[in-house]
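Colleague: Got a structure for you, written out below as structure tokens; questions coming shortly.
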């Protein structure tokens with residue numbers, strides 16, 4: 018607490034005698050001088066004390082996000098400073114003021130600030146770990162070349178082959194390769210046509226034959242509709 022605070026004040030004194038021995042004793046003069054008043058203050062204080070000797074504040078430290086990372090107030094920095102308010106109920110007690118944007122976060126005692134700083138260090142390490150993991154390439158499946166799963170996984174699935182409804186409101190037929198670690202990675206087909214079933218190769222071929230037969234029937238329906246349209250056009 019060795020800081021000194023400059024202050025400006027005025028004095029009123031009688032004028033000095035003239036060289037002729039006479040003095041203008043009825044005339045006073047006002048002088049403005051600059052002196053250093055040794056006002057008790059903290060060495061860390063950066064606050065101007067010309068008008069207020071009760072508040073002490075350090076310079077601000079800030080932690081902000083990278084430029085362009087976020088818009089709006091979410092990108093406002095988290096800031097902190099050391100402060101003492103001699104006029105308050107906690108006179109002469111140093112506290113660390115934390116705030117974000119225009120919102121106060123906390124006023125911490127030094128011991129509390131130490132705990133908070135330790136948590137920030139831990140948090141920073143976790144953020145760095147996430148950044149490191151984010152740079153890693155996606156680990157593709159080492160068991161099946163057709164598997165689209167990444168990272169650690171016990172279920173292997175391929176890309177879904179689906180047939181959507183005419184109005185594109187969803188799929189009414191879908192199939193994909195499937196293998197489970199718990200079942201010895203036996204490969205089957207997940208087949209969805211209203212209900213889901215697991216099919217082996219022979220079962221899938223039977224479904225293919227049924228679909229082909231159904232397509233032949235649909236083709237005959239299309240021919241019948243075309244004949245009716247042609248007849249209606251000729252009658253017109």
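Numbering (the numbering used here), first residue to last: 18 to 253.
Just so it is clear, CB atoms sit at the ideal spot from N, CA and C, and this is done for glycine as well.
Note that this is a predicted model, so its numbers are computed, not measured.
1. Between residue 134 and residue 151, what straight-line distance do the alpha-carbon atoms span, to the nearest angstrom?
2. For residue 238, which three-state DSSP category applies?
3. From the DSSP output, in three-state form, read off residue 126 for me.
4. Measure how close the beta-carbons of residue 100 and residue 114 come, nearest whole angstrom, since I'm counting them as under 8 angstroms.
5. Near residue 96, what residues of its chain come up, given a Cβ to Cβ distance below 8 angstroms and the 5 sequence neighbours on each side ignored?
6. Comparing C-alpha positions only, which one of 181, 180, 178 and 158 sits nearest to residue 171?
7. Nearest to residue 8 by CA position, among 212, 176 and 199, is which residue?
8. Does the distance from the CB of residue 188 to the CB of residue 181 come in under 8 angstroms?
9. Considering just the uninterrupted stretch of the beta strand (DSSP E) at residue 117, what are its terminal residues?
10. How about residue 75 and residue 58: are their beta carbons less than 8 angstroms apart?
11. Helix, strand or coil, according to DSSP, for residue 173 in the structure here?
12. Exposed or buried, which one is residue 175 when buried takes at least 16 other CB atoms within 10 Å?
13. Rounding to the nearest angstrom, what Cα-Cα distance links residue 225 and residue 237 in this structure?
14. What's the C-alpha gap between residue 166 and residue 195?
15. Report all residues from its chain with a CB closer than 7 angstroms to the CB of residue 214; omit the five preceding and five following residues, and keep chain order.
16. Pick out whichever of 144, 98, 142 and 139 has its Cα sitting closest to the Cα of residue 123.
17. Count the other C-beta atoms from every protein chain shown that fall within 10 angstroms of the C-beta of residue 82, then say buried if there are 16 or more, exposed otherwise.
Modeller: Taking the definition as stated:
1. Whole-angstrom Cα-Cα distance: 25 angstroms.
2. helix
3. coil
4. 5 angstroms
5. 77, 78, 79, 80, 115, 116 and 117
6. 158
7. An answer regarding residue 8 cannot be provided, because it is not within the stretch 18 to 253 covered by the chain.
8. yes
9. Counting along the chain, the beta strand (DSSP E) containing residue 117 begins and ends at 112 to 117.
10. no
11. strand
12. Under this definition residue 175 is a buried residue.
13. Taking the straight line from one Cα to the other gives about 19 angstroms.
14. Taking C-alpha positions only, residue 166 is separated from residue 195 by approximately 11 angstroms.
15. Counting only Cβ-Cβ distances below 7 angstroms, and skipping sequence neighbours, we find 208.
16. It is 98 whose Cα lies nearest to the Cα of residue 123.
17. exposed
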